[in-house]
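J.:
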Amino acid sequence: MTEFFEGQFDAVVVGAGHAGCEAALACARTGLKTCMLTLNLDSIAFMACNPSVGGTAKGQLVREIDALGGEMGINADKTALQMRMLNVGKGAAVQSLRCQSDKHAYHTEMKRTLEHTDNLRILQGEAAEILTKDGKVCGVKTTYGGVLGCRAAILCTGVYLNAETITGDVKQSSGPSGFAPATALTKNLIGLGYSVRRFKTGTPARLDGRTVHFERCEEQRGDDDVLPFSYMTEGPVKNGLPCYLTYTNAATHKVILSNLDRSPLYNGTILSTGPRYCPSIETKVVRFADKERHQLFLEPEGRDTLEVYVQGMSSSLPHDVQREMYRTVAGLEECEIMRYAYAIEYDCIDTLDVYPTLEFKKVEGLYTAGQINGTSGYEEAAAQGLMAGLNASLKLRGMPPLILGRDEAYIGVLIDDLVTKGTDEPYRMMTSRAEHRLEIRQDNADFRLTQKGYDCGLVTEERYARYLERKAHYEGFLSELETRVPQGEADEFLSGLGMDGTEKPLTYADFIRRGATLKQIRGAFGEVCAGDESAAQSAEIYVKYEGYLKKGLEQIARARKLEERKLPQDLDYMQIGGLRLEAREKLNKVRPASLGQASRIPGVNPADIAVLILYLK
Numbered sequence: 000m001t002e003f004f005e006g007q008f009d010a011v012v013v014g015a016g017h018a019g020c021e022a023a024l025a026c027a028r029t030g031l032k033t034c035m036l037t038l039n040l041d042s043i044a045f046m047a048c049n050p051s052v053g054g055t056a057k058g059q060l061v062r063e064i065d066a067l068g069g070e071m072g073i074n075a076d077k078t079a080l081q082m083r084m085l086n087v088g089k090g091a092a093v094q095s096l097r098c099q100s101d102k103h104a105y106h107t108e109m110k111r112t113l114e115h116t117d118n119l120r121i122l123q124g125e126a127a128e129i130l131t132k133d134g135k136v137c138g139v140k141t142t143y144g145g146v147l148g149c150r151a152a153i154l155c156t157g158v159y160l161n162a163e164t165i166t167g168d169v170k171q172s173s174g175p176s177g178f179a180p181a182t183a184l185t186k187n188l189i190g191l192g193y194s195v196r197r198f199k200t201g202t203p204a205r206l207d208g209r210t211v212h213f214e215r216c217e218e219q220r221g222d223d224d225v226l227p228f229s230y231m232t233e234g235p236v237k238n239g240l241p242c243y244l245t246y247t248n249a250a251t252h253k254v255i256l257s258n259l260d261r262s263p264l265y266n267g268t269i270l271s272t273g274p275r276y277c278p279s280i281e282t283k284v285v286r287f288a289d290k291e292r293h294q295l296f297l298e299p300e301g302r303d304t305l306e307v308y309v310q311g312m313s314s315s316l317p318h319d320v321q322r323e324m325y326r327t328v329a330g331l332e333e334c335e336i337m338r339y340a341y342a343i344e345y346d347c348i349d350t351l352d353v354y355p356t357l358e359f360k361k362v363e364g365l366y367t368a369g370q371i372n373g374t375s376g377y378e379e380a381a382a383q384g385l386m387a388g389l390n391a392s393l394k395l396r397g398m399p400p401l402i403l404g405r406d407e408a409y410i411g412v413l414i415d416d417l418v419t420k421g422t423d424e425p426y427r428m429m430t431s432r433a434e435h436r437l438e439i440r441q442d443n444a445d446f447r448l449t450q451k452g453y454d455c456g457l458v459t460e461e462r463y464a465r466y467l468e469r470k471a472h473y474e475g476f477l478s479e480l481e482t483r484v485p486q487g488e489a490d491e492f493l494s495g496l497g498m499d500g501t502e503k504p505l506t507y508a509d510f511i512r513r514g515a516t517l518k519q520i521r522g523a524f525g526e527v528c529a530g531d532e533s534a535a536q537s538a539e540i541y542v543k544y545e546g547y548l549k550k551g552l553e554q555i556a557r558a559r560k561l562e563e564r565k566l567p568q569d570l571d572y573m574q575i576g577g578l579r580l581e582a583r584e585k586l587n588k589v590r591p592a593s594l595g596q597a598s599r600i601p602g603v604n605p606a607d608i609a610v611l612i613l614y615l616k
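Here the sequence shown stands for residues 0 to 616, where the numbers follow numbering that gives the first Met the number 0.
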């Protein structure tokens, strides 16, 4: 193989999935000469699994990506088939937006965005080796001998590293949906010092929509008045194609249980670790044997295709069993499968090997993001890609890194979990992982993060102006909600809602604190907080939870004291007397940046933290 020089770049991004797209855009938009290397141009922003963006906790990630200047939210809005706000019956802290996407349009639109981005070259090819000199990245070499010189490399390889798809007793070297795997890089990563492990995920079958009896299922339409993901999108997204709800049943479970000996998950073919929170249908039936049924959502893959995605029914059973199994479900009695379900195994790394910036500890300038870091989900990948790309850019521009705290963003929770605790299974973001979820709601993502993105050079002037405008409306609405209503009118309003009067004037904010909604207030008193509905919603939420938010800020202030106590990166914990052996080993492995991070390491207890505090004095 002849080696040749293909060009000098500031940054090379390996991979063009959701992590790679955000990483490449973050680098290029902040002025770095960037090359994005992908196995196949047709797999850019490919939705290998469900055709959707957002969902519980994931919607928060998308809003945060958008607030920082990322692209996922904008692209999801452009290509949405429908949107729904989840958990509307619960508090604002756990409400999350979910978008049913046009899978093919999503790819096309993201590819178009990348192709029209200044400073960005897109190149089809496979990375074979990360080149280093004196412990620093100096280039990426492809399998065909091309050398891409660079000062930073960001690995966003998804599930393609040594990928193998498994269905029944058929196992073949392949990436998702028949795309080629990446087979050359793992050996190089091990040589660089990465700890590599094997994870698994899976996907359901895709059905021919002409053969599905949708009338036997429950129609699920989107919301007509939901606000989009991106603050740059004008107006609500149109409610397009419906989804449908159906269920497995006793016949389904019988087919599965009678064929467990042919399931790779149960006959020893698959030994890698799969996702706990997105299990296969085989796992659901075995693990939750007491359940009579499991819900399934039939989701369109796009406007211009008849393919239907069966959410909730991923499988690696043989094709003949799948055919029998799917046809036991109401509405699917005569279904024809266009693409059979499969499991996929792939290589990923131990994230205890990387810093909170997502830079590799052993090679300067080498970053990782997405499923190579052991996460699952498009949103988790995109968030990491943006942060890895942005931190690589900040470093090359001589600026401080951007490390988001757990009290600042779900992105901060995600990355802190990965680099502090690591993960022994595919990691999925959930609201329960965020201890400050009321403070980091989806509605205030721009208030929390847009200034940071602007200071880093990623947020455009147009986006920043939009943020300042929304912030001004929000602050004006908070003032407007303090408008006093005469005692008689206030009591009449409360009485109409079945509430006791107070015999004193009240403000609109008082009504909200008592349980009234802004919609009810508008119905009684005319247009209140008019002109910017997203800002009005944020103002209403703040007033409703103001007491809890103030208590939360007090807790955050106390926690930040530990975060402010920095730990030297060259500290030899093995030499600190009083630390337990387990704590010494864990601290030496993770090398926490602060006492706060040290306190979250599994195996490090409060007594160990007390020892460190005394040591630092």
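Think of the CB as a built atom: it goes at the ideal place given N, C-alpha and C, for glycine as much as any other residue. Remember, it's a predicted structure, so these values are computed and weren't measured experimentally.
1. Put residue 420 into one of helix, strand or coil per three-state DSSP.
2. Span of the beta strand (DSSP E) holding residue 346?
3. Pairs of beta-carbons, one from the region 363-379 and one from the region 561-576, closer than 8 Å: are there three or more?
4. Nearest by alpha-carbon distance to residue 104: which of 178, 278, 301, 213 is it?
5. According to DSSP, simplified to helix, strand and coil, what is residue 306?
6. Per DSSP, what kind of secondary structure is residue 151 in: helix, strand or coil?
7. How is residue 166 classed by DSSP in three states: helix, strand or coil?
8. Taking the straight line between their C-alpha atoms, what separation do you get for residue 151 and residue 356?
9. Run through the DSSP bridge pairs and tell me what residue 298 is partnered with.
10. Compute the beta-carbon to beta-carbon distance between residue 600 and residue 586, rounded to the nearest angstrom, for a pair I have assumed lies under 8 Å.
11. Can you give the Cα-Cα distance for residue 440 and residue 318, rounded to whole angstroms?
12. Let's see if you can read the secondary structure: which residues bound the beta strand (DSSP E) around residue 247?
13. Using the C-alpha atoms, what's the distance from residue 174 back to residue 265?
14. Going by DSSP, what residues sit across from residue 207 in a beta bridge?
15. Measuring CB to CB, does residue 421 end up less than 7 Å from residue 351?
16. Could you compute how far the alpha carbon of residue 448 sits from the alpha carbon of residue 603?
17. At a cut of 8 Å, does the region 94-101 reach the region 254-264 through at least three beta carbon pairs?
18. At which residue ranges does the region 214-277 contain complete beta strand (DSSP E) runs of 3 or more residues, listed in the order of the chain?
19. On a CA-only basis, which of 171, 237, 521, 247 is nearest residue 536? Give me that one, please.
20. Using a Cβ-Cβ cutoff of less than 8 Å, which residues in the same chain neighbour residue 6 once the five nearest sequence positions on both sides are dropped?
21. Which stretch, first to last residue, makes up the beta strand (DSSP E) that contains residue 429?
22. Just the C-alpha distance for residue 399 and residue 455, rounded to the nearest angstrom, thanks.
23. In angstroms with no decimal places, state the Cα-to-Cα distance between residue 491 and residue 500.
24. State yes or no: is the C-beta of residue 346 within less than 7 Å of the C-beta of residue 195?
25. Short check: CB of residue 308 to CB of residue 166, under 7 Å?
26. Helix, strand or coil, according to DSSP, for residue 515 in the structure here?
27. Does the contact criterion of 3 or more C-beta pairs under 8 Å hold for the region 319-327 versus the region 384-396?
28. Under 7 Å, do residue 279 and residue 178 count as touching if we go by C-beta distance?
29. Taking the C-alpha atoms as reference points, what is the distance between residue 466 and residue 472?
30. Please say whether residue 56 and residue 312 have beta carbons closer to each other than 7 Å?
31. Can the beta-carbon of residue 614 be found less than 7 Å from the beta-carbon of residue 555?
32. Relative to the alpha-carbon of residue 558, which residue among 111, 362, 337, 404 has its alpha-carbon at the smallest distance?
33. Would you be able to state if there are at least three C-beta pairs under 8 Å between the region 204-216 and the region 185-192?
34. Are the CB atoms of residue 206 and residue 299 nearer to each other than 7 Å?
35. For the candidate residues 477, 85, 135, whose alpha-carbon lies nearest to that of residue 225?
36. Check whether the region 123-134 and the region 60-67 touch, using three or more Cβ-Cβ pairs below 8 Å as the test.
T.: According to the structure data:
1. helix
2. 341-348
3. no
4. 301
5. strand
6. strand
7. strand
8. 13 Å
9. 308
10. 7 Å
11. 43 Å
12. Careful: residue 247 lies outside any beta strand (DSSP E) and carries neither H nor E.
13. 22 Å
14. 306
15. yes
16. 31 Å
17. no
18. 217-219, 242-246
19. 521
20. 34, 120, 147, 148
21. Segment: none, residue 429 is in no beta strand (DSSP E) and carries neither H nor E.
22. 9 Å
23. 8 Å
24. yes
25. no
26. coil
27. no
28. no
29. 10 Å
30. no
31. no
32. 404
33. no
34. no
35. 85
36. no
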